[in-house]
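Student:
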Amino acid sequence: MSVSTPIQWADCTCNPIMGCTGCELWDVNRQSCYAGAQHEHFGEVRRGFSPDFSEITFWPGRVATAAAWPDLAGRRRAGKPWLDGLPRVIFVSDMGDALCSNVPFEYLRREIIETVAGRRGHRHRWLWLTRRPERMAEFSDWLAAQGIRWPSNLWTGTTVTTAGTTSRIDDLLNVGTDATVHFLSVEPQLEPLDLSLWLPRLDWIIQGGESGNQPRKFELRWAQMMYKDCQEAGTPYFLKQLGGYVFRGEDRVRLKDHHGGDWTEWPDDVPRARQVPQKVDCRSRTHSTQMLSCREAGGCPIR
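In the working numbering, each residue's number is its place in the sequence shown (first place is 1) plus 363.
What follows is the structure, encoded as structure tokens:
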């Protein structure tokens, strides 16, 4: 966990568990997950990591520590002006997946739900991302059976990388209640995607290309198409990065930033859009957003 992060759409990160039992970005065929790569590098030498990324380690108390961090509502963010005025935005589980099957629901209720909804936790905005939204939906139903409502300040998200992973969206939409915010991290996008069927029911789209070792292709038209579709659906859109292997048709676009996250060097036809929902009316799926131009933002941090 970290009280600050270069991730453009969050102020900080918090991990009640570390590690993951695998997904399409970390299996026997390919290991390109950022969190997995960090564990491979630091797992045996730095405290706070799992010795092995495939082994879940529990870190009780971390969410409570994050809940005690100062409120940032109404404050400006150096380098991230799109977050200005918002509550502190905390990314939950950037270094693992807390919905892996061997993480007990009782642990998640105690560490996440009760803390997020508590006296200190309710001041912040928590964004919980998983590649296992079907289990998040089961957890939501398990809570509801005990009369526990999903906290309105706990936003729920899942990662979509290919057309074959879009089924996760239906599971995500079964999490929580009408007051629950649902978002997608379309990163890394690995092929053309049409999300128009789901966009009217989603509250935020974050898009990005792949970085790291041997990144796969990201087409500029994918960003153009996603931005257009989000505009038509009225869904806030955030382009995080273009990745490390960017193309316009057959021509490679070379960028100095190896993550493709410095929007000051993006081609002119790429949407410099970093919309962040300010207020969300979940019943009508209408959003109040803030978006800054590249010039207004003065560039951006990169990861």
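All C-beta atoms, glycine included, are put in the ideal place defined by N, C-alpha and C.
Would you call Asn378 buried or exposed, if buried means 16 or more other Cβ atoms sit within 10 Å of its Cβ?
Tutor: buried
Student: With DSSP collapsed to three states, give me the class of Thr368.
Tutor: coil
Student: Cβ of Ser651 within 8 Å of Cβ of Gly606?
Tutor: No. Outside cutoff.
Student: In whole angstroms, what is the alpha-carbon distance linking Arg611 and Gly484?
Tutor: 44 Å
Student: Roughly how many angstroms lie between the CA atoms of Arg438 and Arg409, to the nearest whole one?
Tutor: Approximately 33 Å, taken between the alpha carbons.
Student: Excluding the five sequence neighbours on either side, which residues of its own chain have a C-beta within less than 7 Å of the C-beta of Trp422, listed in chain order?
Tutor: Asn378, Pro379, Ile380, Met381
Student: Do you know offhand how far Leu462's Cα is from Ala508's?
Tutor: 19 Å
Student: Is it true that the segment 548–562 meets the segment 592–607, where meeting means three or more beta-carbon pairs spaced less than 8 Å apart?
Tutor: yes
Student: Could you give the DSSP three-state label for Trp585: helix, strand or coil?
Tutor: helix
Student: Measure the CB-CB distance between Asp447 and Arg495 and report whether it falls below 8 Å.
Tutor: Not in contact: Asp447 and Arg495 (Cβ atoms no closer than 8 Å).
Student: On the three-state DSSP scale, how would you describe Lys591?
Tutor: helix
Student: Once the 5 residues before and after Ala526 are set aside, which same chain residues still bring their CB inside 7 Å of it?
Tutor: Glu554, Leu556
Student: Mapping the DSSP letters down to three states, classify Thr543 as helix, strand or coil.
Tutor: coil
Student: Can you pull the DSSP bridge partners for Trp432?
Tutor: DSSP lists no partner for Trp432.
Student: Would you call Cys375 buried or exposed, if buried means 16 or more other Cβ atoms sit within 10 Å of its Cβ?
Tutor: buried
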